[in-house]
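S.K.: Below are the structure tokens for one structure; questions will follow.
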Amino acid sequence: RKDHEDDRSRGLLHLIGLLPLIEVPPAAILLENVVGFERSECRQRLLSALGSGWEMAEFALDPEDFGLPNRRPRYYGLFRHPERLRLRCLAPAESSGGCFWSQVKEEAEPLLQGRCARSEEMRPLGDFLQDPAALALEEQTLGASIEVPQEVMRTRQQKDQRYDIHQRADYTSACLTKANGKLPFGHSPLVLQHEEEEKFLEQRPKLSSQGSGSGAATDHVWQEGLRVRYLSPVEQLRLMGFPE
Numbered sequence: 010r011k012d013h014e015d016d017r018s019r020g021l022l023h024l025i026g027l028l029p030l031i032e033v034p035p036a037a038i039l040l041e042n043v044v045g046f047e048r049s050e051c052r053q054r055l056l057s058a059l060g061s062g063w064e065m066a067e068f069a070l071d072p073e074d075f076g077l078p079n080r081r082p083r084y085y086g087l088f089r090h091p092e093r094l095r096l097r098c099l100a101p102a103e104s105s106g107g108c109f110w111s112q113v114k115e116e117a118e119p120l121l122q123g124r125c126a127r128s129e130e131m132r133p134l135g136d137f138l139q140d141p142a143a144l145a146l147e148e149q150t151l152g153a154s155i156e157v158p159q160e161v162m163r164t165r166q167q168k169d170q171r172y173d174i175h176q177r178a179d180y181t182s183a184c185l186t187k188a189n190g191k192l193p194f195g196h197s198p199l200v201l202q203h204e205e206e207e208k209f210l211e212q213r214p215k216l217s218s219q220g221s222g223s224g225a226a227t228d229h230v231w232q233e234g235l236r237v238r239y240l241s242p243v244e245q246l247r248l249m250g251f252p253e
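Following the working numbering, the numbering of the sequence shown begins with 10 at its first residue and continues without gaps.
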């Protein structure tokens, strides 16, 4: 939100400042950031540092675009110097099968491309969750339980605070952030400890749909006594597309 004045931007701004000084600059740059970066001062400074001769292709992509039941929309910027690298986009934005490249200009308006066709079939969240035996072994390895205390859930419900409970049949889930596993702080995607208790979950419509398929338009309401847990590290890696 603070853009270039945010302390977290210092590393990026430092690298941007080095670009004009490098004798042999990189042939290509891949940058990932939050959606909204495309209209930031940081992006503007990057375009100024690159100068003429560079081309760019910018995208707004989400794990759901690749068949993963998780919401994490992100900005991706590809920047290349055609004389040093011939790079073909793998995410088609035109019927010809390529993506749209434009010349880098200091005042270039952002053109965020998306993935036109989803080749992967959407899979439910349950396909990414550990079975009870594997989950118990993982908790033993961690030396900790990933169950959310009842008091934490009770307090969030009483204060009408957000909590994101997902069923195994859902085709979407809340964004994974650095606050995952730290309730009552932040937000975390949650699932029931015991699948058979899903029948006790009540539902209420969301203010706006998130994603598509089961779970996109409704919130699951926690009831006293229902045991919920965080996603385990293995499950989080699966949702982010890491190989087993």
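C-beta: ideal position from N, C-alpha, C; glycine also.
Would you identify the three-state DSSP class for Leu24, choosing helix, strand or coil?
M.R.: Counted from its first residue, the sequence shown places residue 24 at position 15. Helix, per DSSP.
S.K.: Using beta-carbon positions only, say whether Ala69 and Leu121 come within less than 7 angstroms of one another.
M.R.: Here the question's residue 69 lines up with position 60 in the sequence shown. Here the question's residue 121 lines up with position 112 in the sequence shown. Cβ atoms of Ala69 and Leu121: closer than 7 angstroms.
S.K.: Starting from Leu201, follow the beta strand (DSSP E) in both directions and report where the run begins and ends.
M.R.: Locating residue 201 in the sequence shown gives position 192, where the first residue counts as 1. Start and end: Pro198 to Leu201.
S.K.: If you draw a straight line from the alpha carbon of Gly60 to that of Glu14, how long is it in whole angstroms?
M.R.: Along the sequence shown, one-based indexing puts residue 60 at 51. Along the sequence shown, one-based indexing puts residue 14 at 5. Each residue's alpha carbon lies about 23 angstroms from the other.
S.K.: Would you give the residue range spanned by the alpha helix (DSSP H) that Arg89 belongs to?
M.R.: In the sequence shown, counting from the first residue as 1, residue 89 sits at position 80. First-last for Arg89: Arg83 to Arg89, but that is the beta strand (DSSP E), not the alpha helix (DSSP H).
S.K.: What does the Cβ neighbour count give for Thr181, buried or exposed, with the cut at 16 atoms within 10 Å?
M.R.: As a working mapping, residue 181 is identified with position 172 in the sequence shown. The residue is buried, with at least 16 neighbouring Cβ atoms inside 10 Å.
S.K.: Less than 7 angstroms between the C-beta atoms of Val237 and Glu147, yes or no?
M.R.: Reading the sequence shown from its first residue, position 228 is the one you call residue 237. Reading the sequence shown from its first residue, position 138 is the one you call residue 147. Not in contact: Val237 and Glu147 (Cβ atoms no closer than 7 angstroms).
S.K.: I need the straight-line Cα distance from Asn79 to Arg247, nearest angstrom please.
M.R.: Position 70 of the sequence shown holds residue 79. Position 238 of the sequence shown holds residue 247. Whole-angstrom Cα-Cα distance: 10 angstroms.
S.K.: Could you give the first and the last residue of the continuous alpha helix (DSSP H) run that contains Val161?
M.R.: Within the sequence shown, the letter at position 152 stands for residue 161. Its alpha helix (DSSP H) spans residues Gln159 to Gln167.
S.K.: What whole-angstrom Cβ distance do Asp12 and Ser57 have, given they're in contact under 8 angstroms?
M.R.: Taking the sequence shown and counting its residues from 1, the one referred to as residue 12 is at position 3. Taking the sequence shown and counting its residues from 1, the one referred to as residue 57 is at position 48. Not confirmed; about 15 angstroms, so no contact.
S.K.: Would you tell me roughly how many angstroms separate the C-alpha atoms of Asn42 and Asp179, rounded to the nearest one?
M.R.: Here residue 42 corresponds to residue number 33 of the sequence shown, with the count starting at 1. Here residue 179 corresponds to residue number 170 of the sequence shown, with the count starting at 1. So the two alpha carbons sit approximately 26 angstroms from each other.
S.K.: For the beta strand (DSSP E) that Val43 lies in, which residues bound it at each end?
M.R.: For the purposes of this step, residue 43 is identified with residue 34 of the sequence shown, where counting begins at 1. Unbroken beta strand (DSSP E) run through Val43: Ala37 to Val43.
S.K.: Starting from the Cα of Gln245, find the closest Cα among Leu144, Arg52, Gln232 and Met162 and give me that residue.
M.R.: Locating residue 245 in the sequence shown gives position 236, where the first residue counts as 1. Cα-wise, what sits closest to Gln245 is Leu144.
S.K.: Have a look at Gly26 and Ser111 and give me their C-alpha separation to the nearest angstrom.
M.R.: Mapped onto the sequence shown, residue 26 falls at position 17. Mapped onto the sequence shown, residue 111 falls at position 102. Approximately 23 angstroms between the Cα atoms of the pair.
S.K.: Whose CA, out of Asp169, Thr164, Thr186 and Ser241, lies closest to the CA of Leu201?
M.R.: Taking the first residue of the sequence shown as position 1, residue 201 is located at position 192. Taking only the C-alpha atoms, the option nearest Leu201 is Ser241.
S.K.: Helix or strand or just coil, what does DSSP make of Leu70?
M.R.: As a first step, residue 70 is located in the sequence shown; it is residue number 61 there, counting from the start. Of the three classes helix, strand and coil, the one that applies to Leu70 here is strand, per DSSP.
S.K.: Would you please state the rounded distance, in angstroms, between the beta carbons of Asp173 and Ser197? I believe it to be under 8 angstroms.
M.R.: Here residue 173 refers to the residue found at position 164 when the sequence shown is read from its first residue. Here residue 197 refers to the residue found at position 188 when the sequence shown is read from its first residue. Indeed, because the Cβ distance is near 7 angstroms, the residues count as touching under 8 angstroms.
S.K.: Looking at C-alpha atoms only, which residue of Lys191, Gln232, Leu199 and Leu192 is the closest neighbour of Leu210?
M.R.: As a first step, residue 210 must be located in the sequence shown, where it is residue number 201. With distances taken between Cα atoms, Leu210 lies closest to Gln232.
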